[in-house]
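Here is the structure we will look at, set down as structure tokens.
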Amino acid sequence: MLRLVAPLLFLILCPHIAAGQEPLDPDSISGVVNVDSSEQNSTREIAISANPEIMEREAETALTREDYATAVSLFSAACVLQGQANCDRAYQVLDEQDGLVLPPHMPVILAQNACSSGVDSGCLRLDALLTDADTACADLDADACAQAGMIRLLGHEREPDPRRGAEDYGKACDLGNWDACLDYAHIASAGTILSLDPDQVQQAFERSCRETHPHNCTISGLHYASHSATLEKLSLAESFLEKGCGYGDDFACSELERWRK
Numbered sequence: 085m086l087r088l089v090a091p092l093l094f095l096i097l098c099p100h101i102a103a104g105q106e107p108l109d110p111d112s113i114s115g116v117v118n119v120d121s122s123e124q125n126s127t128r129e130i131a132i133s134a135n136p137e138i139m140e141r142e143a144e145t146a147l148t149r150e151d152y153a154t155a156v157s158l159f160s161a162a163c164v165l166q167g168q169a170n171c172d173r174a175y176q177v178l179d180e181q182d183g184l185v186l187p188p189h190m191p192v193i194l195a196q197n198a199c200s201s202g203v204d205s206g207c208l209r210l211d212a213l214l215t216d217a218d219t220a221c222a223d224l225d226a227d228a229c230a231q232a233g234m235i236r237l238l239g240h241e242r243e244p245d246p247r248r249g250a251e252d253y254g255k256a257c258d259l260g261n262w263d264a265c266l267d268y269a270h271i272a273s274a275g276t277i278l279s280l281d282p283d284q285v286q287q288a289f290e291r292s293c294r295e296t297h298p299h300n301c302t303i304s305g306l307h308y309a310s311h312s313a314t315l316e317k318l319s320l321a322e323s324f325l326e327k328g329c330g331y332g333d334d335f336a337c338s339e340l341e342r343w344r345k
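Our numbering numbers the first residue of the sequence shown as 85 and each following residue consecutively.
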């Protein structure tokens with residue numbers, strides 16, 4: 085089984101949740117992706133070009149060596165730049181490879197980018213993904229609630245609904261999805277979709293910060309560090325970073341050390 089260890093293309097393709105964020109320029113889709121083939125215990129670097137034809141060729145080459153995770157990432161990036169055919173190829177790989185381990189929202193990102201690029205099949209898949217997520221969320225599936233929230237926050241022509249999307253993230257948080265708590269806290273702190281008081285926002289950040297999710301503690305600390313208009317917020321920032329460090333996040337430890345010099 086193959087897994088994408090450093091899915092840079094996933095991050096590039098994923099629009100930011102913050103309202104009004106400008107989409108990335110397609111020319112910025114370049115760089116290097118580190119891919120780990122867990123069956124072979126080896127890591128390779130794959131150069132990424134902004135040229136969709138090169139991406140497509142690299143994707144097809146990845147398929148010949150059964151590196152399906154890389155193929156999906158490359159087809160997905162090419163989908164943004166050159167529509168229908170590459171979108172469909174990415175979907176085909178996803179449909180055929182049941183054992184493929186990818187970032188959990190990769191199908192949503194692919195469908196949203198395809199839909200926003202004018203590919204009807206992407207919009208249809210996004211509708212189906214949202215219907216399935218809503219059904220599972222109603223059955224108290226925390227991950228499904230988060231997925232429904234993501235689709236509504238990213239939006240597409242048929243159903244942009246950021247407020248309900250934020251509420252979906254809140255429900256996912258209540259059901260124990262700690263990453264959803266972090267997303268909900270960021271959405272609430274921005275104040276453009278939800279209006280929560282500072283104590284409620286802080287509570288959401290605190291719920292996200294767990295021993296199993298030390299990175300959430302670090303991100304929460306950095307949030308308060310960047311909004312440190314008061315000593316209280318600076319203290320909160322330090323507290324979150326201390327937790328992240330204590331839970332084993334090396335970056336949190338380095339940030340604490342830098343602060344205390």
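Cβ coordinates follow ideal geometry from the N, Cα and C atoms, glycine included.
Between residue i and the rest of its own chain, which residues show a CB-CB distance below 8 Å, the 5 nearest in sequence each way excluded?
{"i": "Asp334", "result": "none"}
{"i": "Arg342", "result": "none"}
{"i": "Ser201", "result": "Cys163, Val164, Gly167 and Cys171"}
{"i": "Gln176", "result": "none"}
Kindly say whether residue i, judged by its beta-carbon, lies nearer than 8 Å to any beta-carbon of chain C.
{"i": "Cys229", "result": "Included in the structure is just one protein chain, with no chain C present."}
Determine the burial state of residue i: buried for a count of at least 16 other Cβ atoms within 10 Å of its Cβ, exposed for fewer.
{"i": "Leu178", "result": "buried"}
{"i": "Ala222", "result": "exposed"}
{"i": "Ser292", "result": "buried"}
{"i": "Asp263", "result": "buried"}
{"i": "Pro282", "result": "exposed"}
{"i": "Asp151", "result": "buried"}
{"i": "Glu142", "result": "buried"}
{"i": "Gly332", "result": "exposed"}
{"i": "Gly49", "result": "Residue 49 lies beyond the stretch modelled for the chain, which goes from 85 to 345, so this question has no answer here."}
{"i": "Gly328", "result": "buried"}
{"i": "Ala217", "result": "buried"}
{"i": "Leu315", "result": "exposed"}
{"i": "Ala212", "result": "exposed"}
{"i": "Arg173", "result": "buried"}
{"i": "Leu224", "result": "exposed"}
{"i": "Gly183", "result": "exposed"}
Which whole-angstrom value describes the C-beta separation of residue i and residue j, a residue pair presumed to lie in contact below a C-beta threshold of 8 Å?
{"i": "Ala336", "j": "Thr302", "result": "4 Å"}
{"i": "Leu340", "j": "Ser304", "result": "Not quite, the Cβ-Cβ distance comes to about 14 Å (not below 8 Å), so this is no contact."}
{"i": "Val285", "j": "Ala269", "result": "6 Å"}
{"i": "Phe289", "j": "His307", "result": "7 Å"}
{"i": "Ile277", "j": "Pro244", "result": "Incorrect: roughly 12 Å between the Cβ atoms, too far for contact."}
Give every residue of the same chain whose Cβ lies closer than 6 Å to the Cβ of residue i, excluding the five residues on either side of it in the sequence, and list them in chain order.
{"i": "Glu322", "result": "none"}
{"i": "Gly233", "result": "Gly249, Asp252 and Tyr253"}
{"i": "Ala226", "result": "Ala256, Leu259, Gly260 and Asn261"}
{"i": "Cys229", "result": "Cys221, Asp252, Lys255 and Ala256"}
{"i": "Ser273", "result": "Val285"}
{"i": "Gln166", "result": "Pro136"}
{"i": "His297", "result": "Trp262"}
{"i": "Gln181", "result": "Tyr152"}
{"i": "Ile138", "result": "none"}
{"i": "Arg294", "result": "Trp262"}
Within its chain, find whatever has a CB closer than 7 Å to the CB of residue i; leave out the 5 residues flanking it on each side and keep chain order.
{"i": "Phe94", "result": "Residue placement at Phe94 is poorly supported in this model, since its pLDDT is 33, which falls under 50; the coordinates still yield a value, given next. Counting only Cβ-Cβ distances below 7 Å, and skipping sequence neighbours, we find Ser157, Pro187, Met190 and Ile193."}
{"i": "Asn170", "result": "Pro136, Glu140, Phe159, Ala162 and Cys163"}
{"i": "Leu210", "result": "Ala195, Gln196, Cys199, Ile235 and His240"}
{"i": "Glu326", "result": "Leu340"}
Every unbroken alpha helix (DSSP H) inside the segment 256-328 [4 residues or more]: 262-274, 282-292 and 298-310
Beta strand (DSSP E) runs wholly inside the segment 186-228, at least 3 long, in chain order: none
Length at least 3, wholly inside the segment 152-179: the beta strand (DSSP E) runs in chain order: none
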